[in-house]
Amino acid sequence: MNDVFPEIPRLFTALSEWLACVVYISVLKRHYAGSKLVMIMTSALAIQALFLMATGDLPIYFWIPSMALAVVMMWLFIFMTTETSVYEAGYFVVKAFVAAELVASFHWQLHFYLLRNQSAYSFLGLLLLTGTYGILYFIIWYLEKQHIPKGGLLGIKPREFWSSATIGVAVFFISNLSFVSVRTPFSGQYTTEILNIRTLVDLGGFAILFAYHVQLNELRVRHELEAMQNILQHQYTQYQQSKESIELINYKYHDLKHQLIALKAETDPAKRQAYIDEMQDEIKMFEAQHKTGHHVLDTLLTMKHMTCLKNNITLTSVADGQLLQDMDVKDIVTIFGNALDNAIEYECKVKESDKRLIHVLLKRQHQFTMIQIENYFEGQLDYEDGLPSTTKKNKHLHGYGIKSIRHTAEKYGGTVQITEKNHWFKVTILIPHTI
Amino acid sequence: MVKVAIVEDEALYHEQLEAFLTQFKAEKDQPLEWSIYTDGDQFMDQYQSQFDIILLDIQMPLMDGMTVAEEIRKIDQHVIIIFITNMTQYAIKGYAVDALDYVLKPINYFAFKERLQKALERLEYKKSRFITVKVKGGMARLDLKDLYYIESQGHQLLFHTKDGLIESSGAIKHYEQELLADGFYRIHKGFIVNLNYVQGINDPFVVMKTTELPIGRTKKKGFLETLTKHWGDQSI
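In order, the protein sequence lines correspond to chains E and W.
Going left to right, the first sequence walks through residues 2 to 436 as my numbering numbers them.
Going left to right, the second sequence walks through residues 507 to 742 as my numbering numbers them.
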């Protein structure tokens, strides 16, 4: 049965595999651009084509190893050109490979039906090839593009890779079973039947992988939102709690006045000294008061300042709270709370307490509001998508702290920039005023 | 040479500040000179914008530091003012006189050094850079500090400057690359603006000191990001 009809030309298979890789690379975050990317892509096509043509005439038992090697080459191609991890590249290779099989098989079935007696390389044959590959890959590109996160990275873990790999392998074997042997319950007897089985199984596999991908992506988005919500809630609760403790400080202020009166009347020097010491401690807390002209910011700064005092961090702030009048309380808490928490957490790790410095700036710059939180910093940072990836162990939560700041700034039409210069780590937020 | 004024009534502190400046000067090999004033009144009498940096105490008899700062700003918008104080409740309002940071008393050398270092960086920013542009019958030297924006009209390039319009020729693209590091941004295929003169955004226009310029739809995000970075770098 094998020799009754011609198989897909190996060159077409190579082209399909290459195109599938290109489609997935185009939606992912790439290392290279411009002529360098074009060069890598061209050589990948040449290598894939040469390899598949060279192994085309090998006996059937070499067929599986050579297909496996072709998949490895596709993996290398994706892994090298994009910023994917080993498993992530693997995940996309499975998708690309199944898509390649589907498109090649679909086209070949059309060719077999429409141009049965013509060579694959005839004018009409090539026209059909270009048309089908073009249309199908455009559709695949369009579908996949919708479900790739902004940065082009999905964070595929080994478990997700293995699920998709299992699907891919199963699809590959079932779809090609008839070509190896017709004596299995799942093999087809006739040419059209065989071609049909292959295309349909590939289509099923592609659909399953696509559905799986959509689900993964949705889970990721939901997870991210939840994490951000958690952080926000955390800051807000803290704010509520500290509001009470600050009211307490205000009472203390009045108490102090009365204590002063008592002190004047006290004649025993030892008792007097004790009074003074006690008052000094209480005054220290009062120093933490910040009056910016916005009560939410006042409370927040005071509460963070108390944490700073506890940890020997010097916090200075210049802030025009009036500028925050039109901002939602939760958003103020998100921006200042998260940025200050990050700064405080970092400063606690600085060995010499002299070097533990944080500065907050909130001011009007022409028709913009500028917020800047900076802290003294020793060491190096890695960046991810323009934001620093965390140095903390709890990578996820920390990253979301900065992400939620950005999210909030964007809500007001603003942006966040993070810079680091001469040992100062700076988060700058600029929000345009509506004119 | 960077000129510093110390305005501080307590001997303890101005001696300490002097010692710190001496140490800083030696450590960083930075040319510095300074004068000491013990009250705000005396300082204002002699003030003629001769300083680059003013270290200013807030709590002083006669004229307090905040009032001194206000008086200074009436005549000089550029000098860098750094409060040296323990009166945080006043220092926090420093934005009103463009005193964007302060050093807390008791002063520790490290915090002082870092502040001073930043002030020096800001001075560095203010140094001007010149470019030469082709004009009819020769070349013209142009101070980037005085350049508001560049406009492209066909083959003509119009440089809008503080002293009027300069007509030149060439591709605007060339200047986009050359001026990127100097705080300029191409907001539209026909316009490159000096970020220092941006006043606001009035969608889809960028508000400049003298006019409003259209911003390309795809340029908005990059513009805002560059502006944030640029202004963020300049504030101390």
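Beta carbons are placed, not taken as given, at the ideal position from N, Cα and C, and that holds for glycine.
Sequence-distant Cβ neighbours of E/Phe113 in its own chain, meaning closer than 8 Å and more than five residues away, are Phe6, Thr192, Thr193 and Leu196. Neighbours of W/Gly706 in chain E, taken as residues whose beta carbon is under 7 Å from its own, are His367, Gln368, Phe369, Pro433, His434 and Ile436 in chain order. Look at E/Lys412 here: in three-state DSSP terms it is helix. Here the C-alpha atom of E/Ala344 lies approximately 21 Å from the C-alpha atom of E/Thr370. Shown here, W/Arg692 sits in a strand according to DSSP, grouped into three states. Within the segment 217 to 241 of chain E, no complete alpha helix (DSSP H) segment of 4 residues or longer occurs. Any Cβ of chain E closer than 7 Å to the Cβ of W/Tyr601 would place that residue at the interface, and such an atom is present.
Residue-level contact by beta carbon fails for W/Asn702 and chain E, as no gap is shorter than 7 Å. In chain order, Gln373, Gln418, Thr420, Lys427 and Thr429 make up the part of chain E whose C-beta sits under 7 Å from the C-beta of W/Gly738. DSSP places W/Ile698 inside the beta strand (DSSP E), whose first and last residues are Phe697 to Asn700.
Within chain E, no C-beta atom comes nearer than 7 Å to that of W/Lys633; the closest sits roughly 17 Å away. Bridge pairing for W/Phe711: W/Asn708 and W/Pro720 [DSSP]. In the three-state reduction of the DSSP assignment, W/Asp570 falls in the coil class. Closest in C-alpha terms to E/Ile372, from the list W/Gly643, W/Lys633 and W/Leu606, comes W/Leu606.
Between E/Val361 and E/Tyr237, the C-beta gap is not smaller than 7 Å, which leaves the two residues out of contact. The segment 646 to 678 of chain W contains, as complete beta strand (DSSP E) runs of 3+ residues, the segments 653 to 659, 662 to 667 and 670 to 675 (chain order).
Per the coordinates, the alpha-carbon of W/Val585 lies some 29 Å from the alpha-carbon of E/Thr416. Taking a C-beta cut-off of 7 Å against chain W, the contacting residues of the segment 355 to 366 of chain E are Asp355, Lys356, Leu358, His360, Leu362, Lys364 and Gln366, listed in chain order. Exclusion of the five residues before and after E/Thr317 leaves His360 as the residues of its chain whose Cβ lies within less than 7 Å of its Cβ.
The Cβ neighbour count for W/Gly643, taken over all protein chains shown within 10 Å, is under 16; the residue is labelled exposed. Each residue's CA atom was taken as its position, placing W/Ser555 and W/Arg579 some 10 Å apart.
Taken in chain order, the complete beta strand (DSSP E) segments of 3 or more residues contained in the segment 324 to 388 of chain E are 358 to 366, 369 to 377 and 383 to 385.
Taken in chain order, the complete beta strand (DSSP E) segments of 3 residues or longer contained in the segment 540 to 590 of chain W are 559 to 563. C-alpha of E/Asp329 to C-alpha of E/Gly322: approximately 13 Å in a straight line.
Within the same chain, Cβ atoms closer than 6 Å to the Cβ of E/Ser106 are found at Arg199, Thr200 and Asp203, the five residues on either side in sequence being excluded. The DSSP-derived three-state label of E/Ala263 is helix.
Annotation for E/Val99: the continuous alpha helix (DSSP H) segment containing it runs Val87 to Leu115.
Against chain E, the CB of W/Ala617 has a partner CB under 7 Å away; the residue lies at that interface. E/Met75 and E/Ile140 have their C-alpha atoms some 21 Å from each other. Annotation note: the segment 5 to 88 of chain E contains the following uninterrupted alpha helix (DSSP H) runs of length 4 or greater, listed N- to C-terminal: 11 to 28, 35 to 55 and 64 to 82. A straight line joining the alpha-carbon of W/Glu577 with that of W/Met550 spans about 8 Å. For W/Glu731, the closest Cβ of chain E is nearer than 7 Å. Contact with chain W is absent for E/Lys331, since none of that chain's Cβ atoms lies less than 7 Å from the residue's Cβ.
The beta-carbon separation of W/Ile590 and W/Tyr519, rounded to 7 Å, stays under the 8 Å limit for a contact. The bridge partners DSSP lists for W/Ala511 are W/Ser541 and W/Ile560.
Per DSSP, W/Tyr596 lies in no beta strand (DSSP E) segment; the continuous alpha helix (DSSP H) that holds it begins and ends at Thr594 to Ala597.
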